[in-house]
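Visitor:
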Amino acid sequence: MYKVLKNNKGSVVTDILFYGFIIVFVILPIFSMVFEQYILLLKAQAIKDAVDVTNLAAYNAMKVSDKSETKITADAEDIKNIYKPLLTLNMNLNSDLTPKENSIAAGKVEIINVTVYPKGMSFPVTCPKGGTISRPSVHSIIKIPIKHTLFWNVYRFFTGTTDDGIKDYEAHIDTELPYNNPD
Amino acid sequence: MLGRIPINLLMLALVLSLVLFFTEYFIPLSANFQFRAECRKTLLEMEEKNELTAAMRTQLQNALTEKDFTVISISSPHTAKRGEYLNLKVIADYKYNRVTGLFKREEVTERMEYDKYTVARRVLN
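Order-wise, the sequence lines are chains A and B.
Each residue of the first sequence is one higher than the one before, counting from 1213 in the working numbering.
Each residue of the second sequence is one higher than the one before, counting from 65 in the working numbering.
Structure representation (C-alpha cells):
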C-alpha cells in the first residue's frame, strides 16, 4: 500500500475522484439507510410503548363485572369507549384519531382489534394474529400511518411519484397483566 | 519522495470526519430510547401504586441525571382513586458535543418529552 502511495504514477485527480466516489456511493447511502431504519425502529418502539401502556390502562379502567370467563372484543361499545380516549392521550391524537401536532402518527390511526382475555378464562389461548396467550392479557392491533424521514422528497423528485411517502404500520401488541394485578 | 501520500491522507481524514459526523447523529436517538425506558418504568410503578410519590420523582430524576440529562421537569406528586387517570409528564434536556461545521465542534442541546397516561388499578372487594 505504501509503495502504491509513494509511486508518482497516476494522477492526484484520480485519487480525489476515488475518494469522492467512496463518499457519494458508499458512505452516504449506507449511513442514510442505517439512519432511516434506526429512526423507523425507534418510532415503532415508541408506538409499541404507547399501545402497551394503553392496553394495561384500558384493562384497569374496565368494570370488574366485564372481566368474565369469556374474552371481550372491541365490538363491545364500552371497550371502545375506554380504549379510544386512552389511545388519543398516549399517542397525542384528536378525538377522531387524527394526529395532533408532534404526534408520531402521520395520518388517521385505526383501531383494528382489541380483545381482552380476562382472568376467568382457561389458558393458553391463541390471539387473532396467532400468538399464544398464557396469562390474562389485552391483545390489540392498531394501524398507524408513519412517514419516512429522509430523502423522500429527493426520491419523489427523481421518480416523479405522487405518493406522500406515508406507510401504514400495524402494531400488534399482546400485553400481559402484571402478576401482582389485583383483578 | 512523498508521492501521493499527502493528498491520500487528507482525503482519508475527510472520509473519517464524515463517518464521525454521521455516527454522532445516533447519540440523541439512543439517549431518547433510554429516556423513554426510564419514564416508562416510573409510569408502570405509578399504575401499580395509584400515585406518583416524591420518592418516585427523585428516583426518576436521579436515573435521568445519571444518564447525563439536565433541566429535568417531572409532573408533581399526585394520587388517583382506583380507575382514574394518572399522568406522567417529563421534560429533560440532553447536552452532547457534535461536529457542527468544518473543524467546528460545539455543545448541542436536545429537548426530550414524555407525556403518557395510565389508569390506577381497581380493587376487587
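C-beta: ideal position from N, C-alpha, C; glycine also.
Going by DSSP, name the residue or residues bridged to Ser137 of chain B.
Guide: Ser137 of chain B is bridged to B:Ile155.
Visitor: Give me the Cα-Cα distance between Thr1266 of chain A and Ala95 of chain B, rounded to the nearest whole angstrom.
Guide: If I take the Cα positions, the gap works out to 24 Å.
Visitor: Please state whether the Cβ-Cβ distance between Leu1268 of chain A and Thr182 of chain B is less than 8 Å.
Guide: Against a cut-off of 8 Å, the Cβ pair of Thr182 of chain B and Leu1268 of chain A comes out as a contact.
Visitor: If Ile1323 of chain A and Ile1259 of chain A are in contact, beta carbons under 8 Å, what's the gap, nearest whole angstrom?
Guide: Contact flag wrong, Cβ pair sits at about 13 Å.
Visitor: Use the C-beta contact count for Asp132 of chain B: other C-beta atoms within 10 angstroms, 16 or more gives buried, fewer gives exposed.
Guide: By the neighbour-count rule (16 or more Cβ atoms within 10 Å), Asp132 of chain B is not buried but exposed.
Visitor: Taking C-beta pairs closer than 7 Å, name the residues in chain B that Ile1378 of chain A reaches, listed in chain order.
Guide: Those within 7 Å of Ile1378 of chain A in chain B number zero; the least Cβ separation is about 21 Å.
Visitor: Can you pull the chain B neighbours of Asp1386 of chain A, defined as C-beta to C-beta under 9 Å?
Guide: Chain B residues near Asp1386 of chain A: none, gap ~16 Å exceeds 9 Å.
Visitor: Distance, Cα to Cα, Thr1387 of chain A vs Asp1264 of chain A?
Guide: Straight-line Cα distance between these residues: approximately 6 Å.
Visitor: Tell me the rounded alpha-carbon separation between Val1225 of chain A and Ile1239 of chain A.
Guide: Taking the straight line joining both Cα atoms gives about 20 Å.
Visitor: Suppose only complete runs of 4+ residues qualify. What are the alpha helix (DSSP H) ranges in the segment 1309–1372 of chain A, listed by chain order?
Guide: Those alpha helix (DSSP H) runs which fall completely within the segment 1309–1372 of chain A and span 4+ residues are 1364–1371.
Visitor: Check the DSSP bridge columns for Asp1376 of chain A and list the partner residues they point to.
Guide: BP columns for Asp1376 of chain A are empty, so no partner.
Visitor: Output needed in chain order: residues of the segment 1293–1306 of chain A with a Cβ under 8 Å from some Cβ in chain B.
Guide: Within the segment 1293–1306 of chain A, the qualifying residues are Leu1298, Leu1301, Asn1302 and Asn1304.
Visitor: Does the segment 1296–1316 of chain A come close enough to the segment 1330–1346 of chain A that 3 or more CB-CB pairs lie under 8 Å?
Guide: Counting Cβ pairs under 8 Å, fewer than three are found: no touch.
Visitor: Quick check on this structure: which residue in A:Thr1374, A:Asp1380 and A:Pro1336 has the alpha carbon closest to the alpha carbon of Pro1357 of chain A?
Guide: If we check each option's Cα against that of Pro1357 of chain A, A:Asp1380 comes out closest.
Visitor: Listed in chain order, which residues of the segment 1311–1340 of chain A have Cβ atoms closer than 7 Å to some Cβ of chain B?
Guide: Within the segment 1311–1340 of chain A, no residue qualifies.
Visitor: Using a Cβ cut-off of 9 Å, pull out every chain B residue sitting near Asn1272 of chain A, in sequence order please.
Guide: What Asn1272 of chain A touches in chain B: Glu111, Arg146, Gly147, Thr182, Val183, Ala184, Arg185 and Arg186.
Visitor: For Met75 of chain B and chain A, any beta-carbon pair shorter than 8 Å?
Guide: At least one chain A Cβ lies under 8 Å of Met75 of chain B.
Visitor: Starting from the C-beta of Leu188 of chain B, find all residues in its chain whose C-beta is less than 7 Å away, skip the five residues before and the five after it, and write them out in chain order.
Guide: In this prediction, Leu188 of chain B has a pLDDT of 42, which is less than 50 and means its spatial position is unreliable; what the coordinates show is noted afterwards. Cβ neighbours of Leu188 of chain B beyond the five flanking positions: none.
Visitor: If we define contact as Cβ-Cβ less than 8 Å, is Ile71 of chain B a contact residue for chain A?
Guide: Chain A contact via Cβ: present.
Visitor: When DSSP labels each residue in this structure, what does Asn189 of chain B get in the three-state scheme?
Guide: Residue confidence for Asn189 of chain B is low, a pLDDT of 44 falling below 50, so the modelled location carries little weight; the figure read from the coordinates is stated next. Of the three classes helix, strand and coil, the one that applies to Asn189 of chain B here is coil, per DSSP.
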